[in-house]
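K.L.:
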RNA sequence: GGGCGAAUAGCUCAGCGGUUCAGAGCGCCUGCCUUACACGCAGGAUGUCGGGGGUUCGAAUCCCUCUUCGCCCACCA
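Residue numbers (our numbering): 23 to 931.
This is how it looks when you write it as C-alpha cells:
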C-alpha cells in the first residue's frame, strides 16, 4: 500500500504547533534566521517554496542540534505592488484611488490586506515551515513603523538624507519615482532616428540621431565634441526644433562620442540623466523643460491638462535649487495629451512628411522598465528624497574586509563588492499612498524638519506645518528587518538575544534591494553585522531556463504539488535538485517526472518503516546494551554505514550542501539499509535464535531511527509520522525537537566495510551470471566461493545465509573444490565464485566472458604499471596514493592470474 | 563596454583543493507481483566530460583561447 501524505501532513503540523515545537528553546545558544518577508498580497509560488524549504532545512537542523532556533516570519507591505493590486480592484468598479481620496484609499488597502494578507502565511505552513509564528511581523505594524520613522529621523539628523533635484526613474503606470535598482535594464531592438534640425539663419540643416524623438520638444540645445572638426563652424549658431520651431543653441561638450550617430547630440535635460549633466555644464542658467507628464503623455507640467495625479499631490516640496519652469509653450498643440510612444510615431510621420527625417537605423539598446509593472520607465526631472549611501556602505565594507560576514557561494562576492564600491544615492520617496509616510514637515515660513511625532506647530516659528505627501520606498522599511522585528529601537530582550542573526537565505535577485541594505542598516544602527552568512540560492526556472512567472504562464503551484505528491515530495525536489546556489529547474509540463522521485522516496521510507515496525516487539534493547560479540558482519557493516551517513549529512548541512546531505541519506536508507541490510537480515528474523533476532531488532531500530533524524529537516512530515511509531516512544516526544544523531566512532568499522563489500560483490556476480545464462529467478543454483589473498573465508562463512538468500542459491560451498563445469567470476584479491551449471554451460561463452574480463584487467594493469614504474609519480605523488595504487595492482594481478588459470583449465584458446 | 556563470549518458543535472569520478534521477532494454514497497526488485546498454592549445607523472577537474548560451552591472544619445 502506498503512503498517502494527505491525511498525515496537516495532522503532524498541528501537533508541532500544539507542542510549541517552533519556539526557540530556553537557555540555549540562539540560531536565527529572519524570513525574507513575502509581499502581503503574494500567493505562494515555487520561488517562495524553494526559499522557505531551504530555510526550514537549516532551522530544523540547528534546532535538532540543540540551538535555540528562531525563524522569524513576516510579511512586507510592498508599497507599489499592493497599491497596484487594490487599484486594479477599484478599476473593476470603474473607480480610481483619486475618487476615494487618500484616507479612504488607505483604509481600503488595509481592509484588503487584513482579509487576504495571511494567505501566504497559511501556505508556508502547508509546506512545513517551522517558523516561530508567535513573532510574526508586518512592516506596517505599529512598532515596526516606529522603527522606520526613527531611522529616518536619525539619518536626517546625521545629514544623510537630502532633497535632490535630478532626473530619476519615473513609472508612468505606477505614477511614482523608482530607485535605480527598481528600474531594470532590458535589451531592446529599437531605432535610431536621424532628424534634421534647420539652422535658424536658414543656411541649411544639421542632423541629429536619437532613439527618443518624442523628447525633442524638451531639447535645450545641441552639442558636439570640441575635437570634432566637422562641426567647428556650428559653434554659436542656433537651430530650430522641428515641429515646434523653438530655437536652441549649439555648443560643445567632451561627453559626446564623435563616432556615435552623427556626432551631434540633442540635449534634453529633463528627460535624460546624461543630458541633465551636460546641460548643467554647458548651459547652467538654462531652464529644463519637462515635456512628458507623469502619466507618460506629452505636455507641459502644471498646464491645464495636468493629470489627476498631479493635481492630488501636495505642495511644499520645492527644492531650493530648482530651476525655473519653461516660459514658452514648447509642445505643439497636436501632441499634447498624446502618449509618448504614440507621439513618437506621430512625430516620425510628421518629420517624414516634411522631409526632416533623414533615415532610420535599427539600434539595439537597453531600455529600463519598472520592476513591478514592466512599463518602460521615463527618466524625469523631479524632486525626491535621497539617502547618502557612501558612509553606510563604507562601514559594511570594513566589516566585510575583516570577514565578519560572508556570502555563499563565493562567486557573488565580486558582484557584491562592485555594487557596494560604486554605490549611488538611494531615492527613497515614492509618490504613493500605501506605505510609511515621510516624516518631513514644512511650515509656511519654509522651516523644514523630520519628526518622530506629528507636530502641531513649527518649533521655530509656531506656524502650522504640513507633512510631505510621499511615502517611503518599501525597501526603506525592510532593510531594518533583522532588528526592527525584534523591537528596535527599544532595547528588548528579544533584540539582545536574537541580534545579530546567523543565516540569511535568499535569491541573488534581491542582493542589492535588500541584503546589501540590511547590512548597511545593521552596521549603522546596531553597530554590527545583521548575520554571518548570506546564502544565495538559485532561482526557480522552467526547463527552458526561463524564470517562472505569471506572465509566461510557466509557473508551478506548490499547493497543487502538495496535493498530488505531498509536501515532503515538493521539499525533496527543492532540496535534492539544487546544488549550492544553482538554479532549480522544474518542468511545469511534467509534474510527474519532476516530483515523483520525492514521492517515491517518501514511499520507500514508508515501506521500510512498515517492514521494520512489523518485525519489532514492544521492547527493543538499545543498541548500546547489545553484546558486541553478537554482531554479524552485516550488522557491523550497516552500523558503519549509518555512522558514515551521520558524518556526511552533518558535514554537508553545515556547509550548506543540502543536496549532498539529502542524497547521502537517501542512499543510506534505500541502497544500503533497504536493499542490502534488510534483505540480508531476513533469514535471521525468520529462523534465528532469540539472541540473533533481538540483535537485529536493535540494529534495525538504531539505523532507522538514525536515518529518520537525519532526514527530518528535508522531509519532516513522513519522518515524524514514522518516528512516532518506533517502540518506546513517549507520547509527548517529537522528532522535530529530538536530538541530532551523534557520530559513534566505535561503530565506524572500515574492516566491516571492506568485508561486506566482498559479500555484496559475490552476490552480484552470481546474479549477473544468472541473468547472462537466462536462468529463471526461481531456479536455485549451487555455487562455490573460494577466498584468496586477504579475502577471508570466514567472511563468507559468516554471511552464508545472506548469500544463499540474495543469490537464490540451493547450496554454497566455501573454499571447496569448485565445480568442474560452471560459470566463473573473479573478484577481490583473486577470490573466485563459481556457479555450477551442468549442461547449461557454454564453454565458448565462458571463454569469451573470462578472456574479456582478463583483457580489461590487463589493460588496467598496464596503465597502473606505467604509473608505478614512473619515477616522478612514485617520488612526487603523495605516499598514500602510491601505496593505494600498489595494493590495487596486486589485487588486479591476482585476479588476472586466477582468470588465466581458469582459461587454461577450460581449454580456451 | 565591463563582470559572473554554464557547456558531462536520450533528457535534467551532480562531480571541479589532480590519480576506482566517468556519476545520479528520469527515460531505455531484459527478467521478475522473491509475503515492506511495481511509487517496487534484479540484471543491462549509453558519454572522444563543447573545440583547440598549455601546465603536470597524471586534467571533466588547473591555465589560456575559441564557439554557443544565460545572468548581472553600465549615462554611446
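All C-beta atoms, glycine included, are put in the ideal place defined by N, C-alpha and C.
A quick note: this is a predicted structure, and the numbers were derived from the prediction, not measured.
(1) Express the C-alpha separation of residue 454 and residue 192 in angstroms, rounding to a whole number.
(2) Spell out a yes or no on whether the segment 133-148 and the segment 410-425 are touching, meaning 3 or more CB-CB pairs, one atom from each, closer than 8 angstroms.
(3) Can you give me the C-alpha to C-alpha distance between residue 265 and residue 301, rounded to a whole angstrom?
(4) What is the rounded straight-line gap between the Cα of residue 332 and the Cα of residue 612?
(5) What's the gap between the Cα of residue 478 and the Cα of residue 468?
(6) Residue 628 lies in the alpha helix (DSSP H); which residues open and close that run?
(7) Should residue 932 and residue 726 be called a contact, given that it needs their Cβ atoms to be closer than 8 angstroms?
(8) Anyone know if the C-beta pair for residue 662 and residue 674 falls short of 8 angstroms?
(9) Just the C-alpha distance for residue 541 and residue 640, rounded to the nearest angstrom, thanks.
(10) Use the C-beta contact count for residue 446: other C-beta atoms within 10 angstroms, 16 or more gives buried, fewer gives exposed.
(11) Span of the alpha helix (DSSP H) holding residue 746?
(12) Under the three-state reduction of DSSP, which class applies to residue 424: helix, strand or coil?
(13) Spatial neighbours of residue 737 within its chain, please: C-beta separation below 7 angstroms, excluding the five flanking residues on both sides.
(14) Compare the Cα-Cα distances from residue 676 to each of 696, 557, 698 and 766 and report the closest residue.
(15) Whose C-alpha, out of 535, 800, 34 and 176, is nearest the C-alpha of residue 511?
(16) Starting from residue 243, follow its DSSP beta bridges and name the residues at the other end.
(17) For residue 930, which three-state DSSP category applies?
(18) If you compare alpha carbons, which of 620, 587 and 565 is closest to residue 610?
(19) Please specify which runs of the alpha helix (DSSP H), each continuous and at least 4 residues long, are wholly inside the segment 406-451, giving them in chain order.
(20) Rounded to whole angstroms, how far is the Cβ of residue 810 from the Cβ of residue 697, which I believe are closer than 8 angstroms?
(21) Helix, strand or coil: which one does DSSP assign to residue 837?
(22) Distance, Cα to Cα, residue 907 vs residue 787?
(23) Would you tell me roughly how many angstroms separate the C-alpha atoms of residue 491 and residue 460, rounded to the nearest one?
(24) Please tell me whether residue 235 and residue 520 are closer than 8 angstroms, where the distance is taken between their beta carbons.
(25) Look at the alpha carbon of residue 799 and the alpha carbon of residue 793, and state the distance between them as a whole number of angstroms.
(26) Comparing C-alpha positions only, which one of 36, 197, 457 and 406 sits nearest to residue 1009?
(27) Whose CA, out of 245, 899, 920 and 137, lies closest to the CA of residue 880?
(28) DSSP puts residue 404 in a beta bridge; with which residues?
(29) What is the DSSP secondary structure of residue 913, reduced to helix, strand or coil?
(30) Tell me, please, whether the segment 211-220 touches the segment 372-387 by the rule of three or more beta-carbon pairs shorter than 8 angstroms.
(31) Classify residue 508 as buried or exposed, calling it buried when 16 or more other Cβ atoms lie within 10 Å of its own Cβ.
(32) If you measure between the beta carbons of residue 718 and residue 707, is that distance less than 8 angstroms?
(33) Where residue 853 and residue 785 are concerned, what is the direct C-alpha to C-alpha distance, given to the nearest angstrom?
(34) Applying the criterion that 16 or more other CB atoms from any shown protein chain within 10 Å of the CB defines a buried residue, is residue 318 buried or exposed?
(35) Can you confirm whether the segment 218-230 touches the segment 428-441 when touching is taken to mean that 3 or more C-beta pairs between the two stretches lie within less than 8 angstroms?
(36) Which residue marks the beginning of the alpha helix (DSSP H) containing residue 674, and which one marks its end?
P.N.:
Once the coordinates are examined:
(1) The residue labelled residue 192 in the question sits at position 170 within the first chain. The residue labelled residue 454 in the question sits at position 432 within the first chain. Cα to Cα, the separation comes out at about 12 angstroms.
(2) no
(3) Stepping through the first chain from its first residue, residue 265 is reached at position 243. Stepping through the first chain from its first residue, residue 301 is reached at position 279. Residue 265 and residue 301: Cα-Cα distance of roughly 22 angstroms.
(4) If you number the first chain from 1, residue 332 lands on position 310. If you number the first chain from 1, residue 612 lands on position 590. Summary for residue 332: the model assigns pLDDT 39, below 50, so the residue's position carries little reliability, and this model does not support an answer.
(5) For the purposes of this step, residue 478 is taken as residue 456 along the first chain, with counting starting at 1. For the purposes of this step, residue 468 is taken as residue 446 along the first chain, with counting starting at 1. Taking the straight line from one Cα to the other gives about 15 angstroms.
(6) In the first chain, counting from the first residue as 1, residue 628 sits at position 606. Note, residue 628: alpha helix (DSSP H), 613-637.
(7) Because the chain here runs from 23 to 931, residue 932 falls outside it and cannot be looked at.
(8) Here the question's residue 662 lines up with position 640 in the first chain. Here the question's residue 674 lines up with position 652 in the first chain. Not closer than 8 angstroms, so no.
(9) The sequence position of residue 541 within the first chain is 519, counting from 1. The sequence position of residue 640 within the first chain is 618, counting from 1. Taking the straight line from one Cα to the other gives about 54 angstroms.
(10) Here residue 446 is taken as the residue at index 424 of the first chain, counted from 1. Under this definition residue 446 is an exposed residue.
(11) As a working note, residue 746 is residue 724 in the first chain. Unbroken run through residue 746: none, as it is neither H nor E.
(12) Start at 1 with the first residue of the first chain, and residue 424 comes out as number 402. Three-state result, residue 424: coil.
(13) Translated into the one-based positions of the first chain, residue 737 becomes position 715. Around residue 737: 590, 593, 594 and 624.
(14) Here residue 676 is taken as the residue at index 654 of the first chain, counted from 1. It is 557.
(15) Counting from 1 along the first chain, the entry for residue 511 is found at position 489. Out of 535, 800, 34 and 176, 176 has the C-alpha closest to the C-alpha of residue 511.
(16) Working through the first chain from its first residue, we reach residue 243 at position 221. Answer by DSSP bridge pairing, in chain order: 289.
(17) On the first chain, residue 930 is found 908 positions in, with the first residue counted as 1. Three-state result, residue 930: coil.
(18) Taking the first chain and counting its residues from 1, the one referred to as residue 610 is at position 588. Checked all of 620, 587 and 565; the closest Cα to residue 610 is 565.
(19) 412-423 and 435-443
(20) The count along the first chain starts at 1 and reaches residue 810 at position 788. The count along the first chain starts at 1 and reaches residue 697 at position 675. Contact doesn't hold; Cβ gap of about 27 angstroms is too wide.
(21) Start at 1 with the first residue of the first chain, and residue 837 comes out as number 815. Residue 837: coil per DSSP, three-state reduction.
(22) Within the first chain, residue 907 is the residue found at index 885, counting from 1. Within the first chain, residue 787 is the residue found at index 765, counting from 1. Computed Cα separation, rounded: 24 angstroms.
(23) As a first step, residue 491 is located in the first chain; it is residue number 469 there, counting from the start. As a first step, residue 460 is located in the first chain; it is residue number 438 there, counting from the start. Using only the alpha carbons, I get a separation of about 7 angstroms.
(24) On the first chain, residue 235 is found 213 positions in, with the first residue counted as 1. On the first chain, residue 520 is found 498 positions in, with the first residue counted as 1. It is not a contact, given that the beta carbons lie outside the stated cut-off.
(25) As a working mapping, residue 799 is identified with position 777 in the first chain. As a working mapping, residue 793 is identified with position 771 in the first chain. Straight-line Cα distance between these residues: approximately 9 angstroms.
(26) The chain is shown from 23 up to 931; residue 1009 falls before or after that span and cannot be answered.
(27) Mapped onto the first chain, residue 880 falls at position 858. The shortest Cα separation from residue 880 among 245, 899, 920 and 137 belongs to 920.
(28) Translated into the one-based positions of the first chain, residue 404 becomes position 382. In the DSSP output, where bridge partners are listed per residue, residue 404 has 188.
(29) Taking the first residue of the first chain as position 1, residue 913 is located at position 891. Helix.
(30) yes
(31) Locating residue 508 in the first chain gives position 486, where the first residue counts as 1. Buried, since its Cβ has 16 or more Cβ neighbours within 10 Å.
(32) The sequence position of residue 718 within the first chain is 696, counting from 1. The sequence position of residue 707 within the first chain is 685, counting from 1. For residue 718 and residue 707, yes; Cβs fall inside 8 angstroms.
(33) Locating residue 853 in the first chain gives position 831, counting from the first residue. Locating residue 785 in the first chain gives position 763, counting from the first residue. The alpha-carbon atoms of residue 853 and residue 785 are separated by roughly 13 angstroms.
(34) One-based indexing of the first chain puts residue 318 at position 296. Its Cβ being crowded by 16 or more others within 10 Å, residue 318 is buried.
(35) no
(36) Indexing the first chain from 1 puts residue 674 at position 652. Its alpha helix (DSSP H) spans residues 655-676.
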